[in-house]
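Enquirer: Residues in the sequence shown are numbered consecutively from 0, following numbering that gives the first Met the number 0. Below are the structure tokens for one structure; questions will follow.
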Amino acid sequence: MVTPEKPWQLLRRLLPSIPKEGRWELTVCIGIAFIFWLVINLTTEEHTIKKPVRVSYVVSEDEVLLSAPTSDAEATISGPGWELLWSNFFQPVIDVSIYRNRADSKVITQVDLSAVVSESLYSSETELDKLMFFPVTLETETKASKIIPIVVNTQVDYAEGFQGKTSFTTVPDSVEVWGPVSKLDSLTYWPTDTLRLKNVASNINQEIGLSRGTETIAPILSKVKVQQQVEVFTEKELFVPVQVINPPARDSFSIFPRQVRLKVGVLQSNYDQIRPDSFRLTADLNGMRTEDGRNSIPLTLEKRPRSAISVTFNPRVAEYFFFKKE
């Protein structure tokens with residue numbers, strides 16, 4: 000039995016016998032024939048394609064969804080080839096909405112969704128053959144609101160010699176949030192997006208977005224203004240006396256040094272507020288130890304003002320001496 004040649008096999012066998020000047024005409028003819036075949040095929044024959052369906056669920060104004068149900072489905076669409084081709088181009092995803100009032104059934108079946116998808120097809124020449132969708136139950140709750148403070152998220156690097164004078168604040172400082180009562184009860188604040196700034200050398204007054212909500216809970220505002228005062232950062236040196244605690248009851252003693260130099264980082268506006276009595280530097284003789292034949296005690300900074308951004312001091316230990324009483 001002789002197997003008939005396929006068209007491309009026949010063309011390959013006959014092509015060498017065709018003069019070179021005729022091969023171009025042959026190619027054009029084959030191309031035109033293919034186009035005619037394609038047009039006839041797409042116009043007269045039925046074809047099918049699969050398309051994703053994106054479902055959104057809408058409930059009555061006094062209700063809100065407790066959780067976001069699945070929004071994915073897949074539709075098999077049939078119709079003439081040209082209609083499916085245009086449909087795929089202009090409607091790559093079928094977007095539909097399911098509406099449910101308080102009195103309606105909250106169960107969404109495949110039949111319910113099929114009816115909505117059929118009405119949403121791009122072309123009336125196409126139709127829904129099949130829909131892959133598992134039924135969902137919409138869990139709802141009474142809609143409520145709550146006003147909560149806004150918390151700023153920041154990643155701010157200040158220019159050399161500058162520092163934030165105040166904490167970050169927002170305008171407004173609170174926001175109204177809508178959602179289910181059960182979820183609002185545990186909600187205590189709403190964060191902003193992260194404010195990222197570098198080499199800051201002036202006051203901050205910038206608009207930033209609030210963190211996005213979910214399908215079930217969200218703020219009524221999308222943006223707020225973040226503010227902070229920024230000031231020149233400087234350093235002040237001062238000497239603070241060392242206070243001895245837990246001294247021995249019987250013997251007299253001496254400690255060296257009696258005062259220590261502190262270097263305090265402070266904002267320029269707070270410079271004059273930093274004084275020696277703003278600090279308490281102590282040496283606890285209960286913690287005394289002997290190193291290299293010398294008596295030494297670590298120094299502890301027990302008190303510092305809030306305006307002191309950084310404090311360093313040297314030496315970190317003091318030496319002490321006992322004098323036996325006769």
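From the three backbone atoms N, C-alpha and C, an ideal C-beta is built for every residue, glycine too. Just so it is clear, the structure is predicted and the values come from calculations on it, not from any experiment.
Apply the 10 Å Cβ neighbour rule to TYR98 and answer buried if 16 or more other Cβ atoms are within range, or exposed otherwise.
Expert: Exposed, by the Cβ-count rule.
Enquirer: Starting from ALA114, follow the alpha helix (DSSP H) in both directions and report where the run begins and ends.
Expert: Run containing ALA114: 109-118, per the alpha helix (DSSP H) assignment.
Enquirer: Let me check understanding here. Comparing Cα to Cα, which of SER113, ARG315, LEU112 and ASP276 lies closest to ALA282?
Expert: Checked all of SER113, ARG315, LEU112 and ASP276; the closest Cα to ALA282 is ARG315.
Enquirer: Starting from the Cα of ARG211, find the closest Cα among GLN227, VAL176, LYS197 and ASN202 and give me that residue.
Expert: Comparing Cα-Cα distances from ARG211 to each of GLN227, VAL176, LYS197 and ASN202, the minimum goes to VAL176.
Enquirer: Return the CA-CA distance between SER173 and ILE146, expressed in angstroms with no decimal places.
Expert: Looking at the two C-alpha atoms, the distance is approximately 6 Å.
Enquirer: Ignoring anything shorter than 3 residues or poking outside the region 204-279, list the beta strand (DSSP E) runs there in chain order.
Expert: Fully enclosed beta strand (DSSP E) runs of 3 or longer: 222-227, 229-244, 251-255 and 258-266.
Enquirer: At which residues does the beta strand (DSSP E) containing LYS49 begin and terminate?
Expert: First-last of the beta strand (DSSP E) with LYS49: 45-58.
Enquirer: With a threshold of 16 other CB atoms inside 10 Å of the CB of PHE133, please say whether the residue is buried or exposed.
Expert: The residue is exposed, with fewer than 16 neighbouring Cβ atoms inside 10 Å.
Enquirer: Where do the ends of the alpha helix (DSSP H) carrying SER181 lie?
Expert: Segment 180-183, the alpha helix (DSSP H) holding SER181.
Enquirer: Would you report the Cα separation of ARG53 and GLU214, rounded to the nearest angstrom?
Expert: Each residue's Cα considered, the two are about 14 Å apart.
Enquirer: Tell me which residue opens and which closes the beta strand (DSSP E) that LYS129 is part of.
Expert: Start and end: 126-131.
Enquirer: Taking all protein chains shown into account, decide if THR141 is buried (16 or more other Cβ within 10 angstroms of its Cβ) or exposed.
Expert: By the 10 Å Cβ count, THR141 comes out exposed.
Enquirer: Quick one, are the C-beta atoms of ARG279 and GLU301 less than 9 Å apart?
Expert: Taking 9 Å as the Cβ cut-off, ARG279 and GLU301 qualify as a contacting pair.
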